[in-house]
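Chemist: Handing you this structure, nothing more for now.
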Amino acid sequence: MRKFKEFIIEKLIVICGLASIFFVALIFLFLLKEGLAVFNTVGPFKFLFGKSWYPISEPAQLGILPLILGSLLVTLGAAVISIPIGVGCAVYIAEIAPAKTKEILKAGIELLAAIPSVVLGFIGMITLVPLVKSIFHLPTGLTALSGSIMLAFMAMPTIVSIAEDALYSIPKTYKEGALALGATHWQTIWRVMLPAASSGILAAVMLGIGRVIGETMAVMMITGNAAVMPNNILVPVRTLTATIAAEMGEAVVGSEHYFALFAIGIVLFIISFAINVTADLFLHKRQQ
Amino acid sequence: MRNPYRTQRVAFFFLLLATLLIVIPVGLIVVVIIQKGLPAINWQFLSDMPRQGMRAGGIFPAIVGTLYLVSGAILFALPIGLLAAIYLSEYAKDNLLTRIIKLAIVNLAGVPSVVYGLFGLALFVVFLKFGASILAGSLTLGIMILPVIITTSREALESVPQSFREVSLSLGASKWQTIRHIVLPNAIPGILTGTILGLGRAAGETAPILFTVAAFYLPRLPKSIFDQAMALPYHLYVISTQVPNVDEKIRYGTAFVLLTLVLFMNLVAIIIRYKFRKKKKW
Numbered sequence: 114m115r116k117f118k119e120f121i122i123e124k125l126i127v128i129c130g131l132a133s134i135f136f137v138a139l140i141f142l143f144l145l146k147e148g149l150a151v152f153n154t155v156g157p158f159k160f161l162f163g164k165s166w167y168p169i170s171e172p173a174q175l176g177i178l179p180l181i182l183g184s185l186l187v188t189l190g191a192a193v194i195s196i197p198i199g200v201g202c203a204v205y206i207a208e209i210a211p212a213k214t215k216e217i218l219k220a221g222i223e224l225l226a227a228i229p230s231v232v233l234g235f236i237g238m239i240t241l242v243p244l245v246k247s248i249f250h251l252p253t254g255l256t257a258l259s260g261s262i263m264l265a266f267m268a269m270p271t272i273v274s275i276a277e278d279a280l281y282s283i284p285k286t287y288k289e290g291a292l293a294l295g296a297t298h299w300q301t302i303w304r305v306m307l308p309a310a311s312s313g314i315l316a317a318v319m320l321g322i323g324r325v326i327g328e329t330m331a332v333m334m335i336t337g338n339a340a341v342m343p344n345n346i347l348v349p350v351r352t353l354t355a356t357i358a359a360e361m362g363e364a365v366v367g368s369e370h371y372f373a374l375f376a377i378g379i380v381l382f383i384i385s386f387a388i389n390v391t392a393d394l395f396l397h398k399r400q401q
Numbered sequence: 012m013r014n015p016y017r018t019q020r021v022a023f024f025f026l027l028l029a030t031l032l033i034v035i036p037v038g039l040i041v042v043v044i045i046q047k048g049l050p051a052i053n054w055q056f057l058s059d060m061p062r063q064g065m066r067a068g069g070i071f072p073a074i075v076g077t078l079y080l081v082s083g084a085i086l087f088a089l090p091i092g093l094l095a096a097i098y099l100s101e102y103a104k105d106n107l108l109t110r111i112i113k114l115a116i117v118n119l120a121g122v123p124s125v126v127y128g129l130f131g132l133a134l135f136v137v138f139l140k141f142g143a144s145i146l147a148g149s150l151t152l153g154i155m156i157l158p159v160i161i162t163t164s165r166e167a168l169e170s171v172p173q174s175f176r177e178v179s180l181s182l183g184a185s186k187w188q189t190i191r192h193i194v195l196p197n198a199i200p201g202i203l204t205g206t207i208l209g210l211g212r213a214a215g216e217t218a219p220i221l222f223t224v225a226a227f228y229l230p231r232l233p234k235s236i237f238d239q240a241m242a243l244p245y246h247l248y249v250i251s252t253q254v255p256n257v258d259e260k261i262r263y264g265t266a267f268v269l270l271t272l273v274l275f276m277n278l279v280a281i282i283i284r285y286k287f288r289k290k291k292k293w
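The following block contains the structure:
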């Protein structure tokens, strides 16, 4: 009897072990199931590179290029801000900060990671948006730049914690060897530790950027949501994620618009899948 | 020749600057929300229904809705996540399958939250015909927090020394008995940490519940798990972007309650982990 019970439990454990694969596949399947229908009316090429997104006009125009560019622009801005700051902070925490400060800083970074994106969006609306408006004398502060700054903060916890891990896992002998040869602490960091941790840091950056591309609420609240082709960083844009979040509520289940939003979901899923797999390869390379 | 020590001083200054550029805004965000949100908090705000199209009254149904959603998500995700973690730490061999499982977990963690919303809509709301309901929202959130729970629980299980298992097995205990009576009890603080972090994540997310459960304005409590519900993060989104002329106090008050809830959970998780690390017997 006991044997039978254990047999059942162990089978259950195996099933749950496989659950993650099952759920990833399930997500992808359901996105495909609902999203592929859009290609009955729009060609895939026209969908990805069409320049106008008017999903409810007659006939509907379903080109997501402005949305892709919006996402790219905001992401690029966030990357430019968050990569140097994030990696710098990781180096500071891993190498320079005294033990006590280190614990506090790490807790602070964790705190930042925990703040819900809707709260960051709310704060951004109230503080950052008016600031951007008055600095650049714009008609509205709801711009790609505001979105980039806010998103940089959401990427930083990821970048800092993974890059710090990468620096921490370098064998201590590397550092000791460089110092023993008379290099200063900074020379050791710059010439020995950063190159040694480079694949881990690259993974950190990629995962940070992955988080930015997928971020929804804060972006929707502060980038102005204009689905037009952006020409610079000081205009309102709309991202892929924000489009789904803003329009799905009104789309009728089974309509062309509904299918198109799911097709955007497929695009997002593929982007995040590619980023995560590549980042994982980099992290794996480090361990070998 | 350049003085390497001066270069070092300059470099370290910039590293410190980078750190401050992250830490100070975080501190400011928290301080501003506490400063402006705390005065809005009173018993009435917490226990009253929203009134006059959310421009007055309290946020009680949003708090209750979030509590329901979070409990539902954890009820679903904890058993599956824990068993998956046991599989990975105790049963999985170092082979291709394990590698694929780990990759799937990483991907599950990386799927954009709004895509979870789409998935929940397609599977639970439309395909399984749950409708926009607490059940659909909880399951969506549950799948979303699964990777958090698996990863932290697995770390907790793996940090239990191998010798504990060996002793138990050598005394004639079966594998499952060893896991049940030796490994699990020693990993409980870590598992608890992961669970609480998952709870915090589920409480703060908006995008996955947008189309699966969230009600714009529903000034009553949900009656069953097939009912729609209000939720704190969605409510904050609604009153700060969708409804004009909401008193700033109400907005800050809602942000304060949400932030407090989420940060409190994270703090508890951090404290448990810290205490556990100190007390570790091995």
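These protein sequence lines map, in sequence, to chains W and P. The first sequence begins at 114 in our numbering and counts up by one. The second sequence begins at 12 in our numbering and counts up by one. Beta carbons: idealized from backbone N, C-alpha and C, even for Gly. Values in this document were obtained by computation on a predicted structure and should not be read as measured data.
For P:T114, count neighbouring Cβ atoms within 10 angstroms of its own Cβ and tell me buried if that reaches 16, exposed if not.
Modeler: Here residue 114 of chain P turns out to be Leu, not Thr, going by the sequence shown. Answer is buried; the Cβ neighbour count reaches 16.
Chemist: Taking Cβ-Cβ distances shorter than 9 Å, what residues in chain P pair up with W:V187?
Modeler: Those within 9 Å of W:V187 in chain P number zero; the least Cβ separation is about 14 Å.
Chemist: Short check: CB of P:F87 to CB of P:G128, under 7 Å?
Modeler: No; because the gap between Cβ atoms is not below 7 Å, this pair is not in contact.
Chemist: Taking P:N118 as the query, report the chain W residues whose CB atoms sit under 7 Å from its CB, ordered along the chain.
Modeler: The contacting residues are V137, F386 and N389.
Chemist: Please classify W:P284 as buried or exposed, where buried requires at least 16 other C-beta atoms within 10 Å of its C-beta.
Modeler: The residue is exposed, with fewer than 16 neighbouring Cβ atoms inside 10 Å.
Chemist: Taking one C-beta from the stretch 325–332 of chain W and one from the stretch 349–364 of chain W each time, how about it: are there three or more such pairs within less than 8 Å?
Modeler: They touch, by the three-pair rule.
Chemist: Under 7 Å between beta-carbons, which chain P residues line up against W:Y489? List them in chain order, please.
Modeler: The structure shown has nothing for residue 489 of chain W, since chain W only spans 114 to 401.
Chemist: Could you compute how far the alpha carbon of P:S185 sits from the alpha carbon of P:R288?
Modeler: Approximately 29 Å between the Cα atoms of the pair.
Chemist: Excluding the 5 residues flanking W:V348 on each side, which residues of the same chain have their C-beta closer than 7 Å to its C-beta?
Modeler: The answer, listed in chain order, is T256 and A257.
Chemist: List, in chain order, every chain W residue whose beta-carbon is nearer than 7 Å to that of P:Q63.
Modeler: Here the premise fails: no neighbours, minimum Cβ distance about 21 Å.
Chemist: Could you tell me the distance, in whole angstroms, from the CA atom of P:W54 to the CA atom of W:S259?
Modeler: If you take the alpha carbons of P:W54 and W:S259, they lie about 36 Å apart.
Chemist: For W:S312, which of W:I388, W:A276 and W:R304 has the nearest alpha-carbon?
Modeler: Closest option to W:S312, Cα to Cα, is W:A276.
Chemist: So P:G121 contacts chain W; which residues on that side make the cut at Cβ distance below 9 Å?
Modeler: Ordered by position in chain W, the residues that pass the 9 Å Cβ test against P:G121 are L320, G323, R324, G327, S385, F386, I388, N389 and A392.
Chemist: Does P:L152 come out as helix, strand or coil in the three-state DSSP assignment?
Modeler: Note: P:L152 maps to helix in three-state DSSP.
Chemist: Do W:G183 and W:S165 have their C-beta atoms closer together than 7 Å?
Modeler: Not closer than 7 Å, so no.
Chemist: With a cut-off of 8 Å, do at least 3 Cβ pairs link the stretch 251–267 of chain P to the stretch 63–72 of chain P?
Modeler: Yes, they touch.
Chemist: Which residues of the stretch 357–376 of chain W have a Cβ closer than 8 Å to any Cβ of chain P? Give them in chain order.
Modeler: For the stretch 357–376 of chain W, which is checked against every Cβ of chain P, the residues closer than 8 Å are I357, A358, M361, G362, V366, L374 and F375.
Chemist: Determine, using beta carbons only, whether P:L247 and P:A266 come nearer to each other than 7 Å.
Modeler: Result yes, Cβ atoms of P:L247 and P:A266 sit closer than 7 Å.
Chemist: Kindly say whether W:A309, judged by its beta-carbon, lies nearer than 7 Å to any beta-carbon of chain P.
Modeler: No, W:A309 does not count as interfacial toward chain P.
Chemist: Exposed or buried, what is W:K288 when buried is set at 16 or more other beta-carbons lying within 10 Å of its beta-carbon?
Modeler: Flag for W:K288 reads buried.
Chemist: Quick one, are the C-beta atoms of P:L278 and P:L243 less than 7 Å apart?
Modeler: No, Cβ-Cβ distance for P:L278 and P:L243 is not below 7 Å.
Chemist: With a cut-off of 8 Å on the beta carbons, I'd call W:A265 and W:S195 a contact; round off their distance for me.
Modeler: Correct: roughly 4 Å between the Cβ atoms.
Chemist: Between the alpha carbons of W:I346 and P:T77, how many angstroms are there, rounded?
Modeler: When rounded, the distance between both Cα atoms is 36 Å.
Chemist: Rounded to whole angstroms, what is the Cα-Cα separation between W:L225 and W:P270?
Modeler: Cα-Cα distance, rounded: 7 Å.
Chemist: Given this structure, state the Cα-to-Cα distance separating W:T286 from P:R110, to the nearest angstrom.
Modeler: In a straight line, the C-alpha of W:T286 is about 30 Å away from that of P:R110.
Chemist: Going by other Cβ atoms of all chains shown within 10 Å of its Cβ, with 16 needed for buried, is W:T214 buried or exposed?
Modeler: It counts as exposed.
Chemist: Can you grab the Cα-Cα spacing for the pair W:M361 / W:L374, in whole Å?
Modeler: W:M361 and W:L374: Cα-Cα distance of roughly 7 Å.
Chemist: Look at the alpha carbon of P:T189 and the alpha carbon of P:I281, and state the distance between them as a whole number of angstroms.
Modeler: Looking at the two C-alpha atoms, the distance is approximately 28 Å.
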